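Enquirer:
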Amino acid sequence: MSDNEKIEEILSRGVVKIYPSKEALEKVLRSGKRIRLYLGIDPSNPQLHLGHTVVLKKLREFQNLGHEVILLVGDFTGRIGDPTDKTSMRKKLTHKEVLENAKTYQNQAEKVVKFDGKNPVKLKFNSEWLDKLTFNEIAELATFFTVQQFLERDMYQKRIKEGKPIGLHEFLYPLMQAYDSVAMDVNMEIGGNDQTFNMLVGRELVKSKLGREKFVITVPLLLGTDGQKMGKSLGNYIPLTDSANDIYGKIMSLHDDLVYQYFELCTLFPLQSIKSLEKELNPMDLKKRLAFEIVKMYHSEKEAQKAQKEFEKVFQNKGLPSNMETISCSSKNQNIIDLLVKNNLVSSRSEAKRLIEQGSVDIDEQTIKDFQNPINVKNGSVIHIGKRKFAKINLIG
RNA sequence: GCCAAGAUAGCGAAGUGGUCAAACGCACCUCUCUGUAAAAGAGGAGCCGUAAGGCUUCGGGGGUUCGAAUCCCUCUCUUGGCACCA
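Residue numbers (my numbering): 4 to 400.
(1) Does DSSP classify Q2 as helix, strand or coil?
(2) Name the one or two DSSP bridge partners that T329 has.
(3) Please classify V3: does DSSP put it in a helix, a strand, or coil?
(4) Could you give the DSSP three-state label for Y22: helix, strand or coil?
(5) Beta strand (DSSP E) containing K60: first to last residue?
(6) Which residues in the same chain as T228 place their Cβ atom closer than 8 Å to its Cβ, once the five residues preceding and following it in sequence are excluded?
(7) Identify which residue in N382, A27 and L348 has its Cα closest to the Cα of D367.
(8) Can the beta-carbon of K217 be found closer than 8 Å to that of S246?
(9) N196 and V19 look like a contact to me (Cβ under 8 Å); what is the Cβ gap, rounded to whole Å?
(10) Can you give me the C-alpha to C-alpha distance between G205 and Q180, rounded to a whole angstrom?
(11) What would DSSP say about K316, mapped onto helix, strand or coil?
(12) Would you mind working out which of Q361, N285, K309 and L178 sits nearest T146, comparing C-alpha positions?
(13) Can you tell me which of the three DSSP states Q2 falls into?
(14) Taking contact to mean 3 or more Cβ pairs, one atom from each stretch, closer than 8 Å, check whether the region 66-81 and the region 116-124 are in contact.
(15) Who are the near neighbours of K210 in its chain, counting only those whose CB is closer than 8 Å to its CB and skipping five residues on each side?
(16) Between R33, H55, K30 and V31, which lies nearest to L42 when the distance is taken from Cα to Cα?
(17) Apply the 10 Å Cβ neighbour rule to R427 and answer buried if 16 or more other Cβ atoms are within range, or exposed otherwise.
(18) From S350 to L237, what distance separates their C-alpha atoms?
(19) May I ask you to list the residues that DSSP assigns as paired with L40?
(20) Below 6 Å CB to CB, which residues in the same chain sit around A310 once its five sequence neighbours on both sides are set aside?
(21) With H, G and I counted as helix, E and B as strand and the rest as coil, what does DSSP make of H302?
(22) Let me know if I399 comes out buried or exposed under the rule of 16 or more other beta-carbons within 10 Å of its beta-carbon.
(23) Rounded to the nearest angstrom, what separates H172 and E26 at their Cα positions?
(24) Which of helix, strand or coil does DSSP assign to F272?
(25) Spatial neighbours of T370 within its chain, please: CB distance less than 6 Å, with the 5 preceding and 5 following residues excluded, ordered by chain position.
(26) Can you confirm whether the region 333-343 touches the region 372-388 when touching is taken to mean that 3 or more C-beta pairs between the two stretches lie within less than 8 Å?
(27) Restricting to Cα atoms, I'd like to know which of N347, I359, P324 and M300 is closest to Q111.
(28) Can you give, in chain order, each stretch of the beta strand (DSSP E) that sits fully within the region 227-286 and has at least 3 residues?
(29) Checking 8 Å against the spacing of the C-beta atoms, do V385 and L323 come in under that value?
(30) State the Cα-Cα distance for the pair K212 and L271, rounded to the nearest angstrom.
(31) Checking 8 Å against the spacing of the C-beta atoms, do K392 and L342 come in under that value?
(32) Just to confirm, is the Cβ distance from L40 to M191 under 8 Å?
(33) Using a Cβ-Cβ cut-off of 7 Å (strictly less than) and excluding sequence neighbours within five positions of L14, which residues of its own chain qualify?
(34) With a threshold of 7 Å on Cβ separation, who are the neighbours of K356 within its own chain once the five nearest residues in sequence on each side are excluded?
(35) Quick check on this structure: which residue in Q264, A394 and Q109 has the alpha carbon closest to the alpha carbon of L51?
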């Protein structure tokens, strides 16, 4: 692929919008100029999930082209709390916690961007300059914007309509984020679609203070595995720290019509190949391919193969997993409820009964229907609860 | 400081004296089916008890009542409006 083709792909794949325009940015990139760009990250939640990788991947592409990439830890802004997620008032992190979180973040992000070798990503903290600002300077920054400009933001409009509060400090947040761009003297910022407003405020400020352009690229927010907005309460995201088997399984639980999007946004698979695969394979096989690719990225090819075999074995062929928990019991005759509760396979006796009544507990392929009669177990018997819980019995004594 | 509204299960949100272990939606769990931990369909969802039944839950505490998520008092917190800002 020529550089120009690369640029074209970078500016179109997994991009929602480029400000001021794709053409303008393209021109700069083609000129061969090395630009400085950054991504801001939130240090209060260092647990990365697949959604975060979309923007990191974009960052990596620019890194590969030789541009200067900064990962900015928002240790200062984190204290204020981005109004974008209003519900959780963040607790103030200590400097030590911030450093630890940043490290955790870095360890996970390392799967996507490089922090070593030539042209490594630089890590910065915005408290470095935001801590030093005086009230005087803050007030001066504020003169560049009007209340109307800020109120135009959808979210605020919505809250006004609903009679919900808007904290004054929430107006300060975009301002601080904007100042980051000035302080680092960047040419570009990349962020999720939800950050558009904040990033554009930065663009304004760079224009006013430095008298030049700051480009902004917004990338799409990855939808959760169920096709809804990814969210904590929905339990529909995939943490990068998940085991290979879990990532594989969670991808397999993806809605069929999200598969292409995940390929596009989460893998390095060439778009053309995805399109042709889409025609060749049935949705399940295509999804398996996707799961494989993603596990490969965050674990290894070997792990991916293992995860795939395991999935086929356990879920497609209803077999037993290769590794399962072992529980010890001392007698052949067991009360099934006691056995489940004692070994923490279920959380309460009521739950155990419920599961048995629903026919979800098997021992050696035999469904347990009655929780009153004692059951017979052998050494090596396998208890299977629901879809995913397995335990092997180790008979002692 | 004053006035008002509100606090219900993981989240959102009904319920305004007994039929409320608490509707509904989302998430969750199970089963059936299948091409998958997909979709679809069916069911479940406090705890203890084989069961009958019992016990603990609707911000905290106290009260009224045969009986309270529901009424009263009080406290805490959230929010809106007003006032103060000499």
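The beta carbon of each residue, even a glycine, is placed where N, CA and C say it ideally should be.
Small disclaimer: the values here were computed from a predicted structure and weren't measured.
Expert: Let's see:
(1) Look at the range of the chain in this structure, 4 to 400, and you will see that residue 2 is not part of it.
(2) K395
(3) Residue 3 falls outside the range modelled here, since the chain spans only 4 to 400, and no answer is possible.
(4) strand
(5) It is not in any beta strand (DSSP E) - K60 instead sits in the alpha helix (DSSP H) that spans L53 to N67.
(6) N239, Y240, I241, K253, I254, S256, L257, H258 and L261
(7) N382
(8) no
(9) 5 Å
(10) 7 Å
(11) helix
(12) L178
(13) The displayed coordinates of the chain run from 4 to 400. Any statement about residue 2 would go beyond what the structure contains.
(14) yes
(15) E216 and K217
(16) H55
(17) Nothing can be reported for residue 427, as the shown portion of the chain is limited to 4 through 400.
(18) 22 Å
(19) V72 and M191
(20) A247, N248, Y251 and V298
(21) coil
(22) exposed
(23) 36 Å
(24) coil
(25) G362
(26) yes
(27) M300
(28) none
(29) yes
(30) 38 Å
(31) no
(32) yes
(33) I21, K25, L28 and E29
(34) I340 and F374
(35) Q109
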